[in-house]
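Report on the following structure.
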Amino acid sequence: MIEILSPTDLPRARDTGALVAGILQTLKGRSVVGTNLLEIDAWAQSMIIEAGAQSCYVDYEPSFGRGPFGHYICTSVNDAVLHGLPHDYTLADGDLLSLDLAVSLGGVVADSAISFIVGEAQPPESVALIDATQRALSAGIAAAGPGVRVGDISHAIGSVLGAAGYSINTEFGGHGVGSTMHQDPHVSNTGRPGRGYRLRPGLLLALEPWVMADTATLVTDPDGWTLRSVTGCRTAHSEHTIAITEDGVEVLTLPRS
């Protein structure tokens with residue numbers, strides 16, 4: 001399903017995006033050496049409920065997962081990159097943490113992810129991974145707009161990731177959002193320009209470049225959810241929800257100053 005929102009829906013989408021961005025920035029500030037992943041999940045739960053919003057993850061039960069996700073946020077550490085199931089792990093100095101959050105407010109979903117390094121250590125490989133996904137995300141956003149093809153966005157993202165020397169996994173990527181979290185069209189993190197669905201005003205897309213340092217192959221944890229690099233290398237993930245407008249693009253999940 002591809003859902004096109006009306007212009008009257010855009011203010012609600014902005015509100016949801018602002019909520020997601022605000023929660024992620026608060027959690028980033030609280031995620032220090034000694035923080036437990038289960039604490040992060042509990043903080044996310046509290047902020048979502050306090051805002052009168054609904055988690056998109058608690059009852060999430062896709063074909064590739066094992067039963068309902070049962071938590072409020074994805075917490076992926078170091079070699080984990082996607083769908084990190086919060087568990088009893090205490091963050092250490094230099095850990096690379098990715099937080100992925102999707103929330104519904106007023107009937108509209110927004111989805112965003114950030115990656116950052118915990119503590120004082122700044123491992124160069126981790127810095128480079130995060131930088132590449134952020135630059136790829138910016139390139140994908142810059143390529144989007146009314147009349148643009150999905151392949152144009154995929155090509156822009158993949159060009160940045162490939163030029164940085166990373167292999168690109170195409171099993172998971174960006175997607176449409178609207179009244180539900182995962183909709184068509186799928187937005188691969190690499191592709192050919194001029195191909196695929198033509199973007200229309202009112203379409204919401206979650207763009208999410210992610211990479212692993214030395215592989216494109218994933219392995220699933222025994223928890224049935226957490227996806228890791230098969231080699232144990234570090235990973236990073238960046239994501240924004242954008243709205244296609246009549247005259248361009250609006251990024252809905254940018255932190256408000």
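Residue numbers for the sequence shown follow the UniProt record's numbering, so the first one is 1 and each next one is one higher. Positions of the beta carbon are idealized from the N, C-alpha and C atoms, including for glycine.
*Which full runs of the beta strand (DSSP E) of 3+ residues lie inside the region 35-118, going along the chain?*
74-77, 80-82, 96-105 and 108-117
*What is the residue span of the alpha helix (DSSP H) that SER126 lies within?*
Taking the first residue of the sequence shown as position 1, residue 126 is located at position 126. First-last of the alpha helix (DSSP H) with SER126: 124-143.
*What three-state label does DSSP hand SER188 in the structure shown?*
The residue labelled residue 188 in the question sits at position 188 within the sequence shown. Here SER188 sits in coil by DSSP.
*Are the region 85-95 and the region 216-235 touching, with three or more C-beta to C-beta distances below 8 Å?*
yes
*Closest residue to HIS175 among VAL160, THR133, TYR197 and ILE40 (Cα-Cα distance)*: Residue numbering aside, residue 175 sits at position 175 when the sequence shown is read from its first letter. HIS175 has its Cα closest to that of TYR197, out of VAL160, THR133, TYR197 and ILE40.
*Segment contact, 8 Å Cβ cut-off, at least three pairs: the region 63-73 with the region 131-148*: no
*Mind checking who HIS237 pairs with in its DSSP beta bridge?*
Position 237 of the sequence shown, counted from the start, is the residue given in the question as residue 237. Paired residue(s): TRP210.
*Keeping to the same chain, check which residues put their C-beta closer than 6 Å to that of ILE114; ignore five residues upstream and five downstream.*
Translated into positions along the sequence shown, residue 114 becomes position 114. Within the same chain, ILE114 has close Cβ partners LEU24 and LEU99.
*asked:* By DSSP's criteria, VAL219 is part of a beta bridge. Which residues make up the other side?
replied: Residue 219 sits at position 219 when you count from the first residue of the sequence shown. Answer is ARG228, bridged to VAL219.
*Closer than 6 Å by C-beta to VAL108: which residues in its own chain qualify, once you throw out the five before and the five after it? Chain order, please.*
Reading the sequence shown from its first residue, position 108 is the one you call residue 108. Correct list, in chain order: ARG12, ALA13 and THR16.
*Among residues of its own chain, excluding the 5 on either side of VAL187, which ones have a beta-carbon nearer than 7 Å to its beta-carbon?*
What you label residue 187 is simply residue 187 of the sequence shown in a count that begins at 1. VAL150, ILE153, SER154, GLY173, GLY174, HIS175, LEU205 and LEU207.
*Output yes or no for whether 7 Å exceeds the beta carbon distance between VAL251 and HIS240.*
Locating residue 251 in the sequence shown gives position 251, counting from the first residue. Locating residue 240 in the sequence shown gives position 240, counting from the first residue. A contact, by the Cβ cut-off of 7 Å.
*asked:* Let me confirm a value: ASP184 is counted as buried when at least 16 other C-beta atoms fall within 10 Å, else exposed. Which label applies?
replied: What you label residue 184 is simply residue 184 of the sequence shown in a count that begins at 1. Exposed, because fewer than 16 other Cβ atoms sit within 10 Å of the Cβ of ASP184.
*Hey, could you find the ends of the beta strand (DSSP E) THR175 is sitting in?*
Counting from 1 along the sequence shown, the entry for residue 175 is found at position 175. Strictly speaking, residue 175 in this sequence is His, with Thr absent from that position. Note, HIS175: beta strand (DSSP E), 174-177.
*When DSSP labels each residue in this structure, what does ILE4 get in the three-state scheme?*
For this step, residue 4 is matched to residue 4 along the sequence shown. DSSP places ILE4 in strand when its eight states are reduced to three.
_Residues near SER167 in its chain [Cβ-Cβ closer than 7 Å; skip 5 each side]_ = Locating residue 167 in the sequence shown gives position 167, counting from the first residue. Answer for SER167: THR215 and ALA216, listed in chain order.
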